[in-house]
Amino acid sequence: MLTEELVDLSRLQFAVTALYHFLFVPLTLGLAFILVIMELTYVITDRPIYKDMVRFWGKLFGINFALGVTTGITMEFQFGTNWAYYSHYVGDIFGAPLAIEGLMAFFLESTFIGLFFFGWDRLNKWKHFMVTVLMAVGSNLSALWILIANGWMQDPVGATFSFVTMRMEMSDFWAIVFNPTAQAKFVHTVSAGYVTASLFVLGISSYYLLKGRDLDFARRSFRIAAGFGFASALSVIVLGDESGYTVSESQKTKMAAIEAMWETEPAPAAFTVFAVPNEKAERNDYQLQIPYALGLIGTRSLTKTMPGIKEIKARNHERIENGIHAVVALEQLRRNHDDKTALAQFDAHKTDLGFGLLLKKYIVDVSQATPEMIQQAVDDTIPRVAPLFWSFRIMVALGFLFLALFTLALFYSIKGTFIEKKWLLRWALWFIPMPWVAAELGWVVAEYGRQPWTIYGVLPTHISVSNISVGNIYGSLAGFIGFYTVLLVVEMVLMTKYARQGPASLGTGKYHGEKAAGGALPAGAMADKI
Amino acid sequence: MDYETLKLVWWLLIGVLLVGFAIMDGHDMGMGVLLPFVGRNDLERRAVINTVAPHWDGNQVWFITAGGAVFAAWPLVYATAFSGFYWAMMAALWALFFRPVGFDYRSKIQNPTWRSTWDWGLFIGGAVPPIIFGVAFGNLLQGVPFQFNDILMSTYTGSFWALLNPFALLAGVVSLGMITFQGANYLMMRTEGAIYRRVRTASLIFGPLTFVTFALAGWWVATGIDGYVITSAIDPNGLPDPLAKTVATAAGAWMTNYHTYAWAKWVPIAAFAALAAGILFARLGKAGLAFWSSSLACAGIIGTAGVSMFPFIMPSSTDPRSSLTVFDAVSSHLTLGLMLGATVIFMPLIIFYTSWCYKVMWGKVTTEFIAANDKSAY
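So the protein sequences, as listed, match chains A and B.
Residue 1 is where the first sequence starts when you use this note's numbering, and the numbers rise one by one after that.
Residue 1001 is where the second sequence starts when you use this note's numbering, and the numbers rise one by one after that.
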């Protein structure tokens, strides 16, 4: 029996484990490329300090990567354990990118990460550099394939429903791969990862600079992070705008909710900076708007309108009533595959099948649905406005703050005076956690904003779950929370320990804390100076 | 390629991925099982761990890819098995948690309690998953209590404890033995001195254990477990619909394929021969040959389970017609073809660069090496 409690718990467990997994992913995506840049500098200049930089930041990369791997396996298991009907219903499409991700990306990343850590003495520097490149490419390719899968959940192109197999089946693989929603998500997500890693390196380097230690090491790291971070922060905003500009139906609904846009406004619509959304009355109690801005971002034109929540609901009302016919016909076809009348009725209404299935939350036989049930289902089609409205705004505000920070960091890097700008160094240090906040909120917008669907317009969340007892999920959720809490504590302890210790953790004898106390730069570090 | 051929190819490919997992991840899981016993002090344990340090993560991808391939090629199997075996899957997953952190975090702090805790973590991460996968196969052979409703939503009606029946536990021991034998033979190639002598002893314990339990399980399947047969006509080229067939149980039905196909009996024969050869080579101190023999044994043992049940993948004990087979639990023609293309392109590449990594890192890992590379080794 698919109770609301079962569905909510399954969602909660997925949200907890996915958001937790994504604490480790962005740093992996970005730090891998920062390691590539540092190592390229090493192979070109042959200066050992750059090798030390690769090895030290690589150590932190490894501590983070271990938990990325650990929590990633959970995600692969969980579709089967807790979302069995989803797995059956869309496995034909959704499984393929996951399997290709394994074959093309995970093997590459995971095989070469071993050589990255342990191959220093067995490979010449160019070969080792190639290993690092392949590791970085592998980790970013895995993001590509998982976001193709996720993009398809938002915008299910290239697939059709088969009543014989009772599932969605792939009809056009390349449409799924080149799905604009997926591509926009990919570039936005990896850019966010690059920002995360850049700020991580920038902030920790600032810590050494503020402490006046390992100056040469920290200065070079800071510069690389500032340059890479500036480009990434710019791209995350520009390409985030690309995610906003989209023609898909799911994005329109999400956009209306994000903007708390109840009415369809004349083009070009205003962008709401601040509002108190009132869901009951379907209006904003207070609001502050910038004229025209949203219409320009959302439609790239001055004349196209963007539908408001009320208009979307009215359309969905029609689609749900249509969908009832599709569900009824499907049930007849399941009993008798050769029922010609049922087939004709099904074909006429099948584009709205998913909308008809929304009613399954309220009644088994959807043909008996009351107007109240239909209205409830219509209301369900709009995700809750306030959490999306605020998550989105905090994310965007942080994005602009990252850009400001990196612009200043780059500017003073070029001028060469950043060491004196204590306020900048402190800002970078204390801002280290913020990219994670932005990234997690971004996922809240993307996935919470997709409700009530797992596959937009195709499969309601309500019938996607495994038909298991809620006791199972209480147990496993408790287990995950327990394991993940301990693992996070362990990870943070190690990360802090090694970040504080700095490059001295490599045991080369050249860095802060490795020589007799006194504060003078160790001899080795002096020799590395320009 | 026609649909029927693709369905059969994917049965083989899933088998190949599972065998790849057993051979590759098997040897580092086997390392984990043996770690607390063959390493008597910190340096020795680190030497043992560092034989797989550059490789365990790549090896684990065999498991992840096998999971992804089951999802993509047999979505109904993935959905039904993972949700039905809920607690078994959670236990395997949580045991696997100990591996990445165990490997990477263990030697980053000097404290002996810390290190020994992670050593036992690696033991759990090495021992529990093979036992669970063996138990899962043991249950598949007996049939699993699940059924589909008319929209193909599965309901599992058994309990976790019912999975732990005597035959399934025996299968778990076979699996654990096989993986530990594999790990011991691998460690023979990569260690020396006292550690080498201990892992050789382990190989000579776990090789025979696997041989005997595998024989016992085979005898049990032949004489004590009812197999399943499809009793209606099926169209192997047809659209997959598990509810379109009828199925019955019959004593000795898991032996049918060995009578029908002359080649089939060579799969278990290969398993026994490879186990015997592995034991012999371990005894003679031929570590490389012992490893290849136990690798072949992994293929033979997993292959025997697959061939015995063919075309069944997951028979249902409570509603036999819901049973999942290679013909009706599969993805669409297009998806299977596409996935085959991806496998043909990437699998040779993967084997190539994995081999290269082993070649680069090859050699004995000694305690002297660990002492000299205290900061960079695991």
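All residues carry an ideal CB built from backbone N, CA and C; glycine is no exception.
Quick caveat, the model's predicted, so the values are computed rather than measured.
Starting from residue i, find everything on chain B with Cβ-Cβ shorter than 7 Å and list it in chain order.
i              : result
residue 164(A) : 1239, 1241
residue 258(A) : Chain B residues near residue 258(A): none, gap ~31 Å exceeds 7 Å.
residue 62(A)  : 1104
residue 88(A)  : 1075, 1076, 1079, 1152
Considering only the beta carbon of each residue, do residue i and residue j sit closer than 7 Å?
i               : j               : result
residue 1088(B) : residue 1163(B) : yes
residue 1072(B) : residue 80(A)   : no
residue 1201(B) : residue 1030(B) : no
residue 1218(B) : residue 1267(B) : no
residue 1128(B) : residue 1095(B) : yes
residue 1157(B) : residue 1145(B) : yes
residue 1077(B) : residue 1134(B) : no
residue 19(A)   : residue 491(A)  : no
residue 16(A)   : residue 126(A)  : no
residue 36(A)   : residue 133(A)  : yes
residue 113(A)  : residue 135(A)  : yes
residue 195(A)  : residue 435(A)  : yes
residue 233(A)  : residue 425(A)  : no
residue 1176(B) : residue 1131(B) : yes
residue 182(A)  : residue 168(A)  : no
residue 198(A)  : residue 161(A)  : no
residue 1265(B) : residue 507(A)  : no
residue 307(A)  : residue 386(A)  : no
residue 1221(B) : residue 1038(B) : no
Going along the chain, which residues of its own chain have a beta-carbon closer than 8 Å to the beta-carbon of residue i, five neighbours each way excluded?
i              : result
residue 522(A) : Below a pLDDT of 50, predicted positions are generally treated as unreliable, and residue 522(A), at 46, falls in that range; the measurement from the model is reported next regardless. The answer, listed in chain order, is 509, 510, 511, 512, 514, 515.
Less than 7 Å between C-beta atoms, sequence neighbours within five positions excluded: which residues of the same chain meet that for residue i?
i               : result
residue 1290(B) : 1185, 1188, 1203, 1278, 1281, 1282
residue 376(A)  : 362
residue 519(A)  : Because residue 519(A) carries a pLDDT of 46, less than 50, the predicted location of this residue cannot be relied on, and the following value inherits that uncertainty. Excluding positions up to five away in sequence, the list is empty.
residue 204(A)  : 499
residue 356(A)  : 320, 323, 324, 326, 327, 366
Could you tell me the boundaries of the alpha helix (DSSP H) in which residue i lies?
i               : result
residue 58(A)   : 48 to 82
residue 274(A)  : Careful: residue 274(A) lies outside any alpha helix (DSSP H), inside the beta strand (DSSP E) at 271 to 278.
residue 442(A)  : 434 to 443
residue 1353(B) : 1333 to 1361
residue 169(A)  : From DSSP, residue 169(A) is part of no alpha helix (DSSP H) but of the beta strand (DSSP E) over 167 to 170.
residue 288(A)  : From DSSP, residue 288(A) is part of no alpha helix (DSSP H) but of the beta strand (DSSP E) over 283 to 290.
residue 1329(B) : Counting along the chain, residue 1329(B) falls outside any alpha helix (DSSP H), and DSSP gives it neither H nor E.
residue 370(A)  : Where residue 370(A) is concerned, there is no enclosing alpha helix (DSSP H), given that its DSSP letter is neither H nor E.
residue 1009(B) : 1003 to 1038
For residue i, go through chain A and note every residue whose CB falls closer than 7 Å to its CB, in chain order.
i               : result
residue 1055(B) : 114
residue 1086(B) : 81, 468, 472
residue 1189(B) : Correct list: empty, because the minimum Cβ distance to chain A is about 17 Å.
residue 1064(B) : 73, 76, 102, 106
For residue i, I'd like the list of residues in its chain whose CB is within less than 6 Å of its CB, leaving aside the five on either flank, ordered along the chain.
i               : result
residue 1236(B) : 1004, 1327
residue 530(A)  : Because the pLDDT at residue 530(A) is just 35, under 50, the model does not fix this residue reliably, and the point stays unresolved.
residue 349(A)  : 322, 325, 326
residue 1230(B) : 1245, 1247
residue 458(A)  : 156, 354
residue 1249(B) : 1226, 1228
Find the residues of chain B that neighbour residue i, judging by a C-beta separation of less than 9 Å, and give them in chain order.
i              : result
residue 328(A) : In chain order: nothing, as chain B lies at least about 13 Å away.
residue 507(A) : 1374, 1375, 1376
residue 514(A) : Those do not exist, as residue 514(A) stays about 11 Å from chain B at its closest Cβ, beyond 9 Å.
residue 20(A)  : Per Cβ cutoff of 9 Å: no residues; residue 20(A) is ~12 Å from chain B at best.
Given that residue i touches chain B, what residues does it touch there, using C-beta distances under 8 Å?
i              : result
residue 66(A)  : 1100, 1101, 1103, 1104, 1105
residue 189(A) : What residue 189(A) touches in chain B: nothing, since even the nearest Cβ is about 20 Å away.
For residue i, go through chain C and note every residue whose CB falls closer than 7 Å to its CB, in chain order.
i             : result
residue 74(A) : Absent from the structure: chain C. Protein chains present are A and B.
Can you name the start and end residues of the beta strand (DSSP E) that residue i belongs to?
i              : result
residue 13(A)  : Residue 13(A) -> not in any beta strand (DSSP E); alpha helix (DSSP H) instead, spanning 4 to 21.
residue 454(A) : 453 to 455
Run through chain A and tell me which residues come within less than 8 Å of residue i, C-beta to C-beta.
i               : result
residue 1124(B) : By Cβ distance, chain A contributes nothing, its closest Cβ being about 12 Å from residue 1124(B), past 8 Å.
residue 1302(B) : Under the 8 Å cutoff, chain A gives no residues; its nearest Cβ is about 19 Å from residue 1302(B).
(request) Scan the region 1338 to 1353 of chain B for residues whose Cβ lies nearer than 9 Å to a Cβ of chain A and list them as they occur along the chain. (result) 1338, 1339, 1342, 1343, 1345, 1346, 1347, 1349, 1350, 1353
(request) Give the residues from the region 90 to 109 of chain A that approach chain B closer than 9 Å (Cβ to any Cβ), ordered along the chain. (result) 90, 91, 92, 93, 94, 95, 96, 97, 98, 99, 100, 101, 102, 103, 104, 106, 107, 108, 109
(message) For the region 1139 to 1152 of chain B, list every residue whose C-beta sits within 8 Å of some C-beta in chain A, in sequence order.
(response) Flagged, chain order: 1150, 1151, 1152.
(message) Can you pull out the residues from the region 479 to 504 of chain A whose beta carbon lies closer than 7 Å to at least one beta carbon of chain B?
(response) 479, 483, 487, 490, 494
(request) Check distances from the C-beta atoms of the region 1003 to 1016 of chain B to those of chain A and list, in chain order, the residues that come in under 9 Å. (result) none
(request) Can you give me, in chain order, the residues of the region 130 to 155 of chain A that have a beta carbon less than 7 Å from any beta carbon in chain B? (result) none
(request) Quick one: which residues of the region 289 to 303 of chain A get their C-beta closer than 8 Å to a C-beta of chain B? List them in chain order. (result) none
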